[in-house]
Amino acid sequence: MYIGHFEVDTLTIIGLIITTAYLGSKFVQRFGIPQVVGFILVGVLLGSSFLNIVPLSLVHELGFISEIALGLIGFDMGSHLHFGELRRLGRSIIFILIGEAFGALILVTGGVYLLTGSLYTALV
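In terms of the working numbering, the sequence shown has 113 at position 101, counting the first letter as 1, and numbering is strictly consecutive.
Set out below in structure tokens:
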């Protein structure tokens with residue numbers, strides 16, 4: 013694989029991704045912003061839409077890494093979940109979850125419709 017005029021192997025790019033993601037997460041954390049925002053910013057920066065250091069073909073090749081990362085994030089979130097706290101909140105948590113889900117659905121659908129003008133695209 014080539015980046016510019018340089019030949020780079022996949023392991024080097026994976027190392028670059030891990031290093032810059034770590035540094036990006038620590039950078040945004042200094043401003044009180046969640047680490048995941050740093051990960052996203054690094055992904056946009058290194059991805060095909062900006063610097064193209066990580067080409068789209070490699071992103072598809074390394075899809076299993078995304079699945080592992082999402083699994084670890086889910087595990088971490090589950091390990092911080094306390095059922096005693098959920099029981100204390102009672103039914104209100106159900107209404108909050110439903111409200112957030114439908115609120116996100118409405119906002120995202122509306123935003124995509126405003127940007128594209130296509131209701132089909134907005135609903136998909």
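Positions of the beta carbon are idealized from the N, C-alpha and C atoms, including for glycine.
1. DSSP three-state call for VAL66: helix, strand or coil?
2. According to DSSP, is ASP88 helix, strand or coil?
3. Select from LEU126, TYR132, ILE26 and ALA116 the residue whose C-alpha is nearest the C-alpha of VAL1.
4. Rounded to whole angstroms, how far is the Cβ of VAL56 from the Cβ of PHE62, which I believe are closer than 8 Å?
Checking against the coordinates, here is how it stands:
1. coil
2. helix
3. A query on residue 1 cannot be resolved here, the shown segment of the chain reaching from 13 to 136 and no further.
4. 6 Å
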